[in-house]
Structures are given as structure tokens and as C-alpha cells.
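For reference, the structure discussed in these notes is given below.
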Amino acid sequence: MENHLSKLKVQNIYDLESETRGQASSERWRYERSLRLSSSFFKEIACRKKSTPCSKLVMRIVYGRDLCNAAMKYGLANEEIARKQYEREYSTEVKICGLFVDKNKPFLFASPDGLIGDDGIIEIKCPYSARFESNLLEFLITKKKKK
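Its first residue numbered 1, the sequence shown is counted upward by one per residue in the UniProt record's numbering.
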């Protein structure tokens, strides 16, 4: 275990972040994230009931999931459009970023879709289920009320 952790240590976390910009299109990004636990799983791990079997979660963490489905393709194809719309709507710049590794716990990482100012991040979602909607906000509010 200690040997594995020593392999994960990053000399300069800022260099790693800049070298992994472009995320899924970056081979280094894909490699580095394959070694670590993503922030995407933090809530699921922390909130999992002890009575819930963990085998499916472990399989997803270790082996990943199919990233080539229609919903993922749609999301990736529309991410830049959503980012630009956010920048216009909020008169702010979203800085593209790479992978951030925790320097004290190098087995943990986060890979937000962008940075806003000095202390903000953005995670862009382009729901496939809303691809034909003209008013996304109205769609999301209606969908939430149905739950």
C-alpha cells in the first residue's frame, strides 16, 4: 500500500493541472485519473448505507464505466456551448483546467470543468433528456416538481 501511495505523489500539482487541460482529450489526464479516486465518487462513498452491498460501486471505481454512450457524447459536444453561455449570462470568464490532485492525499483528485475567479469551480451538465427543450430552466424545474 505504501509503495502504491509513493508512486502517486506528484512533484508539482500545478504542473500536473496544466499538463492535463483538455481533460478527456488528454492522454495524461486519462492515465492520471486511472490511478486515483475521483471526487465524483465522494458523496456516493460517504453516504452509502452499511447494509448496501458495495460490489457495484467498487466495480465502477476500479473498471470505470462506458464513456462512449449517446448521453456522454451529447454532453461533451455541448460543453463548450454551455460554458460560453454561462460566461455571457454571468459576465465572467471560465478558465479551462485539468486534474487537481490533493498534495496530502495523492490518491484523491478532482477534475472540474472550469475555474471561476480565485475560488470558484463549475461542473457543466448538458442533460441528454433535455436535448430537444428550448427552455432548459423550465424543463429542469418541471422535472424536479415531478419527483
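From the three backbone atoms N, C-alpha and C, an ideal C-beta is built for every residue, glycine too.
For residue i, the first and last residue of its enclosing alpha helix (DSSP H)
i: Ala110; result: It is not in any alpha helix (DSSP H) - Ala110 instead sits in the beta strand (DSSP E) that spans 108-110.
i: Ser18; result: 13-19
Residues of its chain near residue i, where Cβ-Cβ distance is below 7 Å and the 5 sequence neighbours each way are ignored
i: Glu133; result: Phe139
i: Phe41; result: Ile61
i: Ala82; result: Ile124, Cys126
Residues of its chain near residue i, where Cβ-Cβ distance is below 8 Å and the 5 sequence neighbours each way are ignored
i: Pro106; result: Leu5, Leu8, Lys9, Val10, Arg36
i: Leu3; result: Note that residue 3 is Asn in the sequence shown, not Leu. Cβ within range, chain order: n/a, list empty.
i: Lys84; result: none
i: Arg48; result: Cys54, Leu57
Check whether residue i and residue j have beta carbons under 8 Å apart
i: Asp113; j: Glu79; result: yes
i: Ser18; j: Gly120; result: no
i: Ala110; j: Ser26; result: no
i: residue 151; j: Arg21; result: Here the chain covers residues 1 to 147 and nothing more, so residue 151 does not appear.
i: Tyr128; j: Tyr74; result: yes
i: Ala130; j: Leu137; result: no
Reference residue i; option with closest CA among the options
i: Asp102; options: Asn69, Glu32, Glu27; result: Glu32
i: Ser91; options: Ile116, Ser111, Lys73; result: Ile116
i: Tyr63; options: Lys73, Ser34, Ser129, Glu123; result: Ser34
i: Phe100; options: Leu108, Glu93, Lys143; result: Leu108
i: Val94; options: Ile122, Asn104, Asn69; result: Ile122
i: Met59; options: Ile45, Ser51, Ala71, Asn69; result: Ile45
Sequence-distant residues of the same chain with beta carbon closer than 6 Å to residue i, five excluded per side
i: Arg28; result: Glu19, Thr20
(request) Could I get the ranges of all uninterrupted alpha helix (DSSP H) runs contained in the UniProt domain "YqaJ viral recombinase" (29-137), with 4 residues as the minimum, in chain order? (result) 42-47, 55-63, 70-90
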